[in-house]
Amino acid sequence: MRVFVAGGTGAVGRRLVPLLVSRGHTVVALTRDPARVGALAGMGAEPARADALDRTGLTAAVGRARPDVVVHELTALAGVSDFRHLDRSFAATNRLRVHGTDHLMAAAAAAGARRIVAQSYAGWPYERRGGMVKTEDDALDPNPPRGARETVAAIRHLEEAVLGAPPGIEGVVLRYGGLYGPGTSLAPGPSGEQVEAVRRRRFPIVGGGHGVWSFLHVDDAALATALAVERGAPGIYNVVDDDPAPVSEWLPALAREIGAPPPRRVPTWVGRALGGGWVAMVMTEARGASNARARRELGWTPLHPSWRSGFAALARGGG
Ligand SMILES: NC(=O)c1ccc[n+]([C@@H]2O[C@H](COP(=O)([O-])OP(=O)(O)OC[C@H]3O[C@@H](n4cnc5c(N)ncnc54)[C@H](OP(=O)(O)O)[C@@H]3O)[C@@H](O)[C@H]2O)c1
C-alpha cells in the first residue's frame, strides 16, 4: 500500500517508517525540516515537506503522495518539562491535534485515502472513577484538572475528527501508553529527561502513589501502528503493555534499574502545591488501560509485554 506518515521523523515515526518499508509498503514521510529529508530517504521513505498547520501546503504534499492510508503521528512534546502548566507546555501539540488533524483529514479525503490511523493517548485522560484499568468503552475524564483541560479537549477533538471521518475513509485511533525507549524522554541519554529526573530524585511519589500508569515501548507503538495500517475494524484501540501498575510500584523499580536512590515521597497536598493539580492527579488517581482489543482485533502481541523487563533492558542499554 501507499502510506503517508505525518510525523515520520519523530520518536514513533523513526521506528514506524522502516518497519512499514520492510513490510512492503511504499512510504511517503513528512517533515518540515530540510535537514531531515536525508534521514527519511535513508529509512527507505520518499520525503515530503510541509507544515501540518499550513492547510494548502499539507494538502498538496498529501495529494502528491496519493496514499491509501494516512498515519498521524504529529506531536511537539520533545523537551516538555513543565508539567505544572500542562496546557501551556502542550500548546503546540494541542494545535497539531486540533488544526493539524483537521487539515490532515481534509487532505486525506481530497487525496482519496481510504483509512487514517492517528496517535492518541491512553491512561490519565480516562475518567478517574470506577475500575483502575480502562477499556476503550470507558469514558474520558469529563472534568480534567484545571491546567489540563485544553489538552484533554484537543485529544477529544482528534478522536472525534478521526472517528467521524468522511464516508469512504476508515478512522482508527490508537491510544498509546506512556512511551519509553529510544528517542523518548524515558530513555537513557541526553533526551531522557524523565530518567534524569528519577536519577536526581526530582520525580517524587505523591501521596500513596496509587495512580496507575500503562506503558508502551516505541517499537511496540510502531508494530501496532503498522498492523493498524493493514487491518482491524475502524474505532479506538488502547495500545499499551500487559502490565498497568501503580506509581508506587513502577517508579521505585525504575530507580532501582538505573541505579538511582529510591524516589522521595511527598504528601498529596505538597505534590499539588509544588506540581499542580495534574501532577497530583496522575500520581494518585490516574487509570491504566487494557490492550485486549488491540491484541484480539489487530493481532498485535507486544514485543515488550511488561515495563518491568522493558525498563531493565533500557538500563542495560539494550532498550
Ligand atoms: N506523551 C507525553 O505526555 C510526553 C510528554 C513530554 C515528553 N514526551 C516525550 O517526548 C518525546 C518526543 O516527543 P515529540 O512530540 O517531540 O515527538 P517527536 O518524536 O519529536 O515527533 C514529532 C513529529 O511531529 C512532527 N511535527 C511536529 N510539528 C509539526 C508541524 N507543524 N508540521 C509537520 N510536522 C510536525 C515532527 O516533524 P519535523 O520536526 O521533522 O517537522 C516529528 O516528526 C516523546 O517520545 C515522549 O517520550 C512525551
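Residue numbers (the working numbering): 33 to 351.
By construction, the Cβ of each residue, glycine as well, lies at the ideal position given by its N, Cα and C atoms.
Measuring CB to CB, does Glu317 end up less than 8 Å from Arg160?
-> yes
Mind checking whether the beta-carbon of Gly215 lies closer than 7 Å to any heavy atom of ligand 1?
-> yes
Bridge partner(s) assigned by DSSP for Asn270 = Arg207
Using three-state DSSP, classify Ser280 as helix, strand or coil.
-> helix
Does any C-beta atom of chain C lie closer than 8 Å to the C-beta of Arg34?
-> Looking at the structure shown, chain C is missing, and only one protein chain is on hand.
Ala92: beta carbon under 7 Å from a heavy atom of ligand 1?
-> no
Range covered by the beta strand (DSSP E) that runs through Ser54 = Careful: Ser54 lies outside any beta strand (DSSP E), inside the alpha helix (DSSP H) at Gly45 to Ser54.
To the nearest whole angstrom, what separates the beta carbons of Ala61 and Val49, a pair I think is in contact under 8 Å?
-> 5 Å
DSSP three-state assignment for Thr107, whether helix, strand or coil | In the three-state DSSP reduction, Thr107 falls in the coil class, being neither helix nor strand.
Identify every residue that forms a DSSP beta bridge with Arg34.
-> Thr58
Is it the case that the Cβ atoms of Asp274 and Phe247 are separated by a distance below 8 Å?
-> no
Environment of Ser341 [buried if 16+ CB atoms lie within 10 Å] | exposed
Assuming Tyr212 and Leu335 make a contact with CB atoms under 8 Å, what is their CB distance in whole Å?
-> Actually they do not touch by this definition, with Cβ atoms about 13 Å apart.
Check whether Pro99 and Arg34 have beta carbons under 8 Å apart = yes
Tell whether a beta-carbon distance below 8 Å holds between Ala270 and Ala326.
-> A small fix is needed here, since residue 270 is Asn in this sequence, not Ala. Yes; because the gap between Cβ atoms is below 8 Å, this pair is in contact.
Counting Cβ pairs, one atom from each stretch, are 3 or more of them under 8 Å apart for the stretch 307–314 and the stretch 102–120?
-> Three or more Cβ pairs drawn from the stretch 307–314 and the stretch 102–120 lie within less than 8 Å of each other, which places the two stretches in contact.
Going by the C-beta, is Thr63 closer than 7 Å to any heavy atom of ligand 1?
-> Thr63: yes, Cβ under 7 Å from ligand 1.
Outcome for Asn175 when other beta-carbon atoms lying within 10 angstroms are tallied against a minimum of 16 | exposed
Round the Cβ separation of Val149 and Leu206 to the nearest angstrom and send it over; I've been treating them as touching at under 8 Å.
-> 6 Å
Taking DSSP as the reference, what is the three-state secondary structure of Ile148?
-> strand
Taking 8 Å as the cut-off, decide whether the C-beta atoms of Gly320 and Val238 are in contact.
-> Result no, Cβ atoms of Gly320 and Val238 do not sit closer than 8 Å.
Can you give the beta carbon distance from Ala141 to Ile201, rounded, assuming they're within the 8 Å contact cut?
-> Under the criterion of beta carbons closer than 8 Å, Ala141 and Ile201 qualify as touching, at roughly 6 Å.
Helix, strand or coil for Val230, going by three-state DSSP, please let me know.
-> Of the three classes helix, strand and coil, the one that applies to Val230 here is helix, per DSSP.
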